[in-house]
Every structure is written in C-alpha cells, then in structure tokens.
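2 protein chains.
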Amino acid sequence: MDNCDEFKHYWDTNLFLQTEELDSSWGIDETAFSGYYDSSSPDGAQSCAASKNIVSERNRRKKLNDRLYALRAVVPNITKMDKASIIKDAIEHIQQLHEQERRIQSEISELESGKLKSNIVFDFDQETPFNSKSKKKKIEQSYDSGGSQSSPIDVLELRVSYMGERTVVVSLTCSKRTDTMVKLCEIFESLKLKIINANITAFSGRVLKTVFVERRRS
Amino acid sequence: MDNCDEFKHYWDTNLFLQTEELDSSWGIDETAFSGYYDSSSPDGAQSCAASKNIVSERNRRKKLNDRLYALRAVVPNITKMDKASIIKDAIEHIQQLHEQERRIQSEISELESGKLKSNIVFDFDQETPFNSKSKKKKIEQSYDSGGSQSSPIDVLELRVSYMGERTVVVSLTCSKRTDTMVKLCEIFESLKLKIINANITAFSGRVLKTVFVERRRS
DNA sequence: GGGTACACGTGAATC
DNA sequence: TGATTCACGTGTACC
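Taken in order, these protein sequences are the chains called B and W. Numbered according to full-length UniProt numbering, the first sequence terminates at residue 218, and the numbering increases by one at each position without gaps. Numbered according to full-length UniProt numbering, the second sequence terminates at residue 218, and the numbering increases by one at each position without gaps.
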C-alpha cells in the first residue's frame, strides 16, 4: 500500500495534470501560440496540422506512460518510482528470471534423464550430517584404485530420496559391463552404511540397484 | 542482423544526432537562445541555470534511452523497435517467464514429492501400442468395484520407464494402509501383464513395488 | 503529404 | 535552494 500510494503520488497526479491541461491550460496555450504564430503567418492549415501533431504526441506520451505503468505492475521488486528505475528494475528482474530458468532447467534435465558423471561421489554432507568425510574419501579411493579404469561405471540414473527422518533410499541404474555388479557391491560396502534392504537386478544390458539405508544418529 | 540494423537505424542515428548537437549545433543553439533571451532580460544567472537544466535534462533522456536499450537487449522476442513496443514486449516476456516459472514449479513439486491422484489409470496407449483398451478398463473396474472404497490406494510416486524395445518398468510407491499390498497385487494381476520381475517392500508406513514387464509383441 | 516516432528545450513541481 | 523528474509543444526525419 505504501508503494501504491507513492506510485499514485508520482503518476496519477501527473496524469491528472496532463488531462487537466487537456481542458483548461490547453485552450490557453492554443490561443497564446496561435496569437504568436498568427502575428508572423496567419496560416490556418499549418495551425491545424500543428494541433494534430500536438494531440498525436500527447497520445503517444500517454501510451508510453501506460506501458511503463504496466511494466511496473509486472515487476515485483520495487525500489523507486523513477521511469529509469522502473526500467532498471525490470531489466534486473528479467535477468533474474532468466538465470533461475536456466538453473531449474539444468537441474531438471540432470535430475530426470541426464547422465551423471562417471565419477561416483556420494556427498551426503549437504543435508545429512552423518560424518561422511571419511566415507566419501573411501569411495573415491576404492573406486579410483580398486576398479579397473578400462570399464568405468556408467551411471545412467541416480536418485537419492530422504524418506522419513532416518531412511535414505539410493536408486542406481548403470550400464552392464565387466564386473559392474562387483564394483557396485564394492562401492556400497566401502560406504559402511547401515543398509536395511538392497536389491540388484540385471536385465537387457543394465543393472538396477536399490538400497535402503538407515542414517546414523547424529 | 536485420533487427540489429533496424535498431541502429532507429537509435544510433538519434543518439548520434544527440551527441552531435552536443558539439556543433549545441553552440549554435546556445548563441541563438542567448540572443533571444538577452533581448528580453539580460540575466546571466538565469541563463546559467537554464543551461544547467538543459544539460541535466539531456543526461536524463540519455540515461532513460540507455535503460530502454538495455531492456531491449534482455528481451528475446523482438517485434518492433518502438519505445512502446519495447516495453510491451518486455511486459509480455516477463508474464511469459512468470507463467513458465509457476508451471515448472508446480510440475516439480508434484513430480518430486507431491501426491498423485488416487485413481490409478495405467494408460499405456501413448507410446506402447500393446492393446491396452481392455486392460485399462479392467484396471478401473477391478479398482472401483473390488477394492474397499474406505481406504483407497494413495499413490505417492509412479514412474513408468521404457527400457529397450519390449521391457517396461513400473515403479510405484504408496502409503501403507489396510490391504494396500493385497490391492496392489490384485491390480497388477488384473492387468494380465507378462511380469519378468516384481519386488514389494514395506517400510516406515510405505509400500514400494517395482515390476518389470515384458511388452507383448504387436 | 499525411502519419508516425523521436529528441529537444522549457516551465513547473517535488524533495 | 539547488537538484531531479516530469509533461508539454515543437521541429525534424522517415515512410
């Protein structure tokens, strides 16, 4: 409401003055200017064209102000009521939306169907503080040293869901290659997680492994 | 490039004329206006203030035009080079981004953690033409008639993936209620699908069922 | 040549 | 009071 009132203060008064001059001051100006022009050249057609131009320009200004008003209406973050500030805020807002769109799109495409990187790094630090520093190291170590580098694990899909307070579900799909199953077991063993339930299935050149893990108490 | 050239045609020429007048025509105008004003009132202070106002206004216009130019640069869909059209396109683009953001957000929240509708309808028609008209009917029928309506199956997540040419993986997560497991079995039995592998697990008030189905040959 | 779009200088209003 | 912002009328360039 504060912004609204300030906006009305800035704009409606101006628009009101504008329409007001369309009635009162406008006639005065016309007579004054006609007198000035008539003293030099009493041309009616030119005066008519001039007034046409005046009203045309007035409409153009009003349209542009209305557009700017509408632009102001669709931009949420309000700072000042300047014309320049309005455009500036609109620009920043558009850039912000673009960045957010790009971020979300990449997140979706990577989360839903994109391939993950071949290096498997389970980083449970972000929201699950069961001391994973050592485990993370172990994973990388066992994967980098123990596994044969000739056939890395090609993770097609990896989903980590947090169900309830202490249950983590890791669902992993990878291409079936040499010792893929063994490697997966090694990796999950190296994690030393408290596994509630694990299921591995091989079919049509792919390996699906679903593991239910209980998080340690912090 | 066409738009770019047209834009330069509209703007750069104007800006060039503006800066040009700042050098050459500006001095001419100053002398002319100073002569006009000096004839009526030879006030140096007022003239100085007037020129201050002039350059100030000139900078303001330039800033506003630059902002409008920058706004134009961040809006992808170009129609016309009008000032009003620029603002209009910016408004439409912002509204479009807002709508898209709202759509994606709702899609994400519904896809990732939201509940699906209680009515289970396996519509395999869209990309898997193994005659499912009858099956679909059977599902709805068995679900609507056989199941006890007091505790409907609350599907939390349903994913249908097509792996290879003839394998369909149906992954289903629902809340664990009375006879949820039995109902799920009934539903999958009523489908009369060629099931390769099925796995049901119950944990923490939820039931997860993963079924590997081989599609019939068409 | 009517029509459109623009930059310009200017007076007024607000802070 | 000086700085800033605005609407206005006008001349000009382009179709």
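No residue lacks a Cβ here, since even glycine has one placed at the ideal position from N, Cα and C. Treat the numbers as computed from the prediction; the structure is a model and nothing was measured.
What in chain B is Cβ-close to W:Asn199, meaning under 9 Å? Asn199, Thr201, Thr210
Do you know how far the Cα of B:Ser51 is from the Cα of B:Glu30? Residue placement at B:Glu30 is poorly supported in this model, since its pLDDT is 34, which falls under 50; the coordinates still yield a value, given next. Going by the C-alpha atoms only, they are around 8 Å apart.
Which one of W:Ser171, W:Gly164, W:Ala70 has the shortest CA to CA distance from W:Val155? W:Ser171
Does any CB atom of chain B fall closer than 8 Å to the CB of W:Met81? no
Taking W:Ile104 as the query, report the chain B residues whose CB atoms sit under 9 Å from its CB, ordered along the chain. Glu101, Ile104, Gln105, Ile108
CB contact below 8 Å: W:Arg67 versus chain B: yes
Expected contact under 8 Å - CB spacing of B:Val169 and B:Ser161 to nearest Å: 5 Å
Measuring straight from C-alpha to C-alpha, what distance separates W:Val75 and B:Asn65? 19 Å
Closer than 8 Å, CB to CB, is W:Arg58 near chain B or not? no
Beta carbon of B:Leu71 nearer than 8 Å to that of W:Ala90: yes
Beta-carbon neighbours of W:Arg206, restricted to chain B and to distances below 8 Å: Met163
Using the Cα positions of W:Arg159 and W:Thr167, report the straight-line distance between them to the nearest angstrom. 14 Å
Does the distance from the C-beta atom of B:His93 to that of W:Ile86 stay below 8 Å? no
Using DSSP with H/G/I as helix, E/B as strand and the rest coil, what is W:Arg159? strand
Where does W:Lys83 land, buried or exposed, given buried means 16+ other C-beta within 10 angstroms? buried
For B:Arg206, which residues of its own chain have a beta-carbon under 8 Å away from its beta-carbon, when the five flanking residues on both sides are left out? Leu156, Thr173, Cys174, Ser175, Lys176
CB contact check: B:Ile78 to chain W, cutoff 8 Å: no
Three-way DSSP call (helix, strand, coil) for B:Ser41 in this model: With a pLDDT of only 44 at B:Ser41, under 50, the local geometry of the prediction cannot be trusted, and no value is derived from it.
Counting only beta-carbon atoms, is B:Lys63 nearer than 8 Å to chain W? yes
For W:Ile94, return the contacting residues in chain B, with the cut-off set at a CB-CB distance below 9 Å. Leu71, Val74, Val75, Ala90, His93, Ile94, Leu97
Three-state secondary structure assigned by DSSP to residue 278 of chain B: Residue 278 of chain B cannot be examined here, being either before or after the span of chain B that is shown, 1 to 218.
Can you give me the Cβ contacts of W:Ile104 inside the same chain, cut-off strictly under 8 Å, excluding the 5 residues immediately before and after it? none
What first and last residue would you give for the beta strand (DSSP E) that runs through W:Lys80? That residue, W:Lys80, is in no beta strand (DSSP E); it is neither H nor E in DSSP.
Between residue 219 of chain W and chain B, is the shortest Cβ-Cβ distance under 8 Å, so that the two count as touching? What is shown of chain W runs 1 to 218, which leaves residue 219 of chain W out entirely.
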